[in-house]
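K.L.:
Quick mapping for you: the protein sequence lines, in order, are chains A and B.
In terms of my numbering, the first sequence has 105 at position 104, counting the first letter as 1, and numbering is strictly consecutive.
In terms of my numbering, the second sequence has 167 at position 166, counting the first letter as 1, and numbering is strictly consecutive.
There are 2 protein chains.
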Amino acid sequence: MDKQTLFDNIQKKSSFLCVGLDTDLSKIPSHLLKEADPIFEFNKQIIDHTADYAVAYKPNIAFYEAMGPKGWESLQKTLEYIPKDIFTIADAKRGDIGNTSKLYAKAFFEQMDFDSITVAPYMGKDSVSPFLEFADKWVILLALTSNEGSKDFQILDTNAGKPLFQQVLEKSQEWGTDGNLMYVVGATRGEKIAEVRKFAPHHFFLVPGVGAQGGSLEEVAKYGMNSTCGLLVNSSRGIIYASAEKDFGVKAGEEAFKLQKEMAKLLEDYCK
Amino acid sequence: MDKQTLFDNIQKKSSFLCVGLDTDLSKIPSHLLKEADPIFEFNKQIIDHTADYAVAYKPNIAFYEAMGPKGWESLQKTLEYIPKDIFTIADAKRGDIGNTSKLYAKAFFEQMDFDSITVAPYMGKDSVSPFLEFADKWVILLALTSNEGSKDFQILDTNAGKPLFQQVLEKSQEWGTDGNLMYVVGATRGEKIAEVRKFAPHHFFLVPGVGAQGGSLEEVAKYGMNSTCGLLVNSSRGIIYASAEKDFGVKAGEEAFKLQKEMAKLLEDYCK
């Protein structure tokens, strides 16, 4: 999917909501466990009830990988079920030397047909570039994450007084464009997003931290939005586990709708 | 596997050889393609012919992931076929927020039964710690890699004049011990290994760069070995693709034996 199509969808749905499919056998409603593929059955109903409000779906690959080959089949079926006009993110945090990253790219962009994948920057250019060579596919590079451990290395001052995450933002813009490269930016601090936005004014940010992980949507929009929205804000647990009963799909839809309404207003106020 | 057992195996076999199972359908001998599981059949024969000379096997997970669910089955079968006294490394470069890293740990340590996994440090402590909580399992943390892109961030000077990889080495030693934490250290520069060794005198290093990626084994041993060897030196393509004919297993064994003989001498000279 190209950037214009993504922005068109955002405008059409008045939403920049990404629904995180962190689907966990121990958390889904128990009546699903008798299904042949409970994970897919859960995702299917979540997608049915949230697709009108979401512009992206983000399966967290670890949840599927932890189930072995069967998990990969559930993932593949889920991906095929997602409507084609909705952006898909493989939240996989991959990254390795060139020939290996190329294989990961094949896994997620050819073997499966994801629009994007999250990538870790530690190994530098040749670990990221292979993902950027696929037309209409995206890298979402870790810049500043929202977890406690982000303080260990990402905010360290490097030469020239730049924190490491700024080095990642600046250097990676030599490798890709705002048409094939996005960044993961933690949501918990509005002013911090404003600072990150200065170093990447035109790129989309994937913001993982609204909902169970905390973070104010208003702050994120106020400090992070640009003229093509520039934000995909993820919510996982707050939506998909809104109910543990048979109505989980309906309740997920209600939560997604709440966020979409809030987002519609924020797009009006800040998408300029 | 605990550290003493690993060192015992190194002494018993007079070897610190790790064989990288970067098994690629397009590179294996064509007569194997008629097998039900050509990848496993190839790995099986490689293991049969190299197990006497190797103390570790390292499947590069990307190669299996790129083949979809079937690839994971080949990986699982390969892992089960490796003799139990040989250390196994999932070269997966994983790392995510705590609850997600925990699932990756389950995938590789429970769903499969690897002894260790390579992990990327960018997200800090809570992305690494979940892997360290499994008894007799290991994290092999990226410190200084051997690829060109290692220069982009890993060698940046951080505050206190320390390059980033040194920060990774120092900080991570607060999270784990030399009994559950190793480091990936690129092999191409002997003096650089000496520098890294200063910051982690007792830990094992996984050295990925001998063979097709270049790097001198003698230099690595001279500058990197410690009193419990402290090195696992990987060779992938130089061994597993030594022949593209029906004799590929035998030829792989011969290459592994050559390296083992060299290693026996180096252990005598430098393991003190």
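Just so it is clear, CB atoms sit at the ideal spot from N, CA and C, and this is done for glycine as well.
(1) Looking at chain A, is there any beta carbon in it that lies within less than 8 Å of the beta carbon of P70 (chain B)?
(2) In this structure, does DSSP put M264 (chain A) in helix, strand or coil?
(3) List the residues that DSSP assigns as beta-bridge partners of S299 (chain B).
(4) Within 10 angstroms of its Cβ, does K247 (chain B) collect 16 or more other Cβ (buried), or is it exposed?
(5) Please name the residues in the stretch 157-184 of chain A whose beta-carbon is closer than 8 Å to at least one beta-carbon of chain B, in chain order.
(6) Relative to the C-alpha of P70 (chain A), which residue among B:A67, B:E74, B:M68 is closest?
(7) Pick from B:N44, B:M68, B:L104: whose alpha carbon is nearest that of P84 (chain B)?
(8) At 8 Å on the CB atoms, spell out the chain A contacts of K152 (chain B), in chain order.
(9) Measuring only between beta-carbons, confirm whether I98 (chain A) sits less than 8 Å from chain B.
(10) Using three-state DSSP, classify F41 (chain B) as helix, strand or coil.
(11) Between E196 (chain A) and chain B, is the shortest Cβ-Cβ distance under 8 Å, so that the two count as touching?
(12) Could you spell out where the beta strand (DSSP E) holding D92 (chain A) opens and where it closes?
(13) If you draw a straight line from the alpha carbon of D3 (chain B) to that of E36 (chain B), how long is it in whole angstroms?
(14) Run through DSSP, which three-state label would T6 (chain B) get?
(15) Can you give me the start and stop residues for the beta strand (DSSP E) that T119 (chain A) sits inside?
(16) With DSSP collapsed to three states, give me the class of W139 (chain A).
(17) Can you give the Cα-Cα distance for T146 (chain B) and P39 (chain A), rounded to whole angstroms?
(18) Sorted by chain position, which residues of the same chain lie with C-beta nearer than 7 Å to D158 (chain A)'s C-beta, five sequence neighbours on each side aside?
(19) Which of the three DSSP states, helix, strand or coil, is assigned to Y224 (chain B)?
(20) Using beta carbons (cut-off 8 Å, strictly below), is S228 (chain A) in contact with chain B?
(21) Going by beta carbon distance, what residues of the same chain come within less than 8 Å of V129 (chain B), once the five residues before and after it are set aside?
(22) Between the C-alpha atoms of D25 (chain A) and R238 (chain A), what's the straight-line distance to the nearest angstrom?
(23) Return the CA-CA distance between I90 (chain B) and S27 (chain A), expressed in angstroms with no decimal places.
P.N.:
If we stick to the structure as given:
(1) Position 69 of the second sequence, counted from the start, is the residue given in the question as residue 70 (chain B). Nearest CB-CB separation between P70 (chain B) and chain A: below the 8 Å threshold.
(2) Numbered from 1 along the first sequence, position 263 holds the residue referred to as residue 264 (chain A). If DSSP states are grouped into helix, strand and coil, M264 (chain A) belongs with the helices.
(3) As displayed, chain B neither begins before 2 nor continues past 273, which places residue 299 (chain B) out of reach and without an answer.
(4) Taking the first residue of the second sequence as 1, we reach residue 247 (chain B) at position 246. With fewer than 16 Cβ atoms within 10 Å of its Cβ, K247 (chain B) is classed as exposed.
(5) L157, D158, T159, N160, L165, Q168, V169, K172
(6) What you label residue 70 (chain A) is simply residue 69 of the first sequence in a count that begins at 1. When the alpha-carbon of P70 (chain A) is set against those of B:A67, B:E74, B:M68, the nearest one is in B:E74.
(7) As a position in the second sequence, residue 84 (chain B) is number 83, starting the count at 1. Per the Cα distances, B:N44.
(8) For the purposes of this step, residue 152 (chain B) is identified with residue 151 of the second sequence, where counting begins at 1. Neighbours of K152 (chain B) on chain A, chain order: G125.
(9) For this step, residue 98 (chain A) is matched to residue 97 along the first sequence. So yes, I98 (chain A) belongs to the interface.
(10) In the second sequence, residue 41 (chain B) corresponds to position 40, counting from 1. F41 (chain B) falls in the helix class under three-state DSSP.
(11) In the first sequence, the residue the question calls residue 196 (chain A) occupies position 195. Cβ-Cβ to chain B under 8 Å: no for E196 (chain A).
(12) Position 91 of the first sequence, counting from 1, holds the residue named residue 92 (chain A). First-last of the beta strand (DSSP E) with D92 (chain A): 88-95.
(13) In the second sequence, residue 3 (chain B) corresponds to position 2, counting from 1. In the second sequence, residue 36 (chain B) corresponds to position 35, counting from 1. Answer to the nearest angstrom: the Cα atoms are 36 Å apart.
(14) Position 5 of the second sequence holds residue 6 (chain B). It is helical.
(15) As a first step, residue 119 (chain A) must be located in the first sequence, where it is residue number 118. Counting along the chain, the beta strand (DSSP E) containing T119 (chain A) begins and ends at 117-120.
(16) Here residue 139 (chain A) refers to the residue found at position 138 of the first sequence. If DSSP states are grouped into helix, strand and coil, W139 (chain A) belongs with the strands.
(17) The count along the second sequence starts at 1 and reaches residue 146 (chain B) at position 145. The count along the first sequence starts at 1 and reaches residue 39 (chain A) at position 38. Their Cα atoms are separated by approximately 40 Å.
(18) Locating residue 158 (chain A) in the first sequence gives position 157, counting from the first residue. Excluding positions up to five away in sequence, the list reads P164.
(19) As a first step, residue 224 (chain B) is located in the second sequence; it is residue number 223 there, counting from the start. In the structure shown, Y224 (chain B) sits in a helix (DSSP, three-state: H, G or I).
(20) Translated into the one-based positions of the first sequence, residue 228 (chain A) becomes position 227. S228 (chain A) does not count as touching chain B.
(21) Indexing the second sequence from 1 puts residue 129 (chain B) at position 128. Cβ within range, chain order: G96, S102, V120, P122, V140, L142, S173, W176, G177.
(22) The residue given as residue 25 (chain A) occupies position 24 in the first sequence. The residue given as residue 238 (chain A) occupies position 237 in the first sequence. If I take the Cα positions, the gap works out to 10 Å.
(23) The residue you call residue 90 (chain B) lines up with position 89 of the second sequence. The residue you call residue 27 (chain A) lines up with position 26 of the first sequence. C-alpha separation (whole angstroms): 28 Å.
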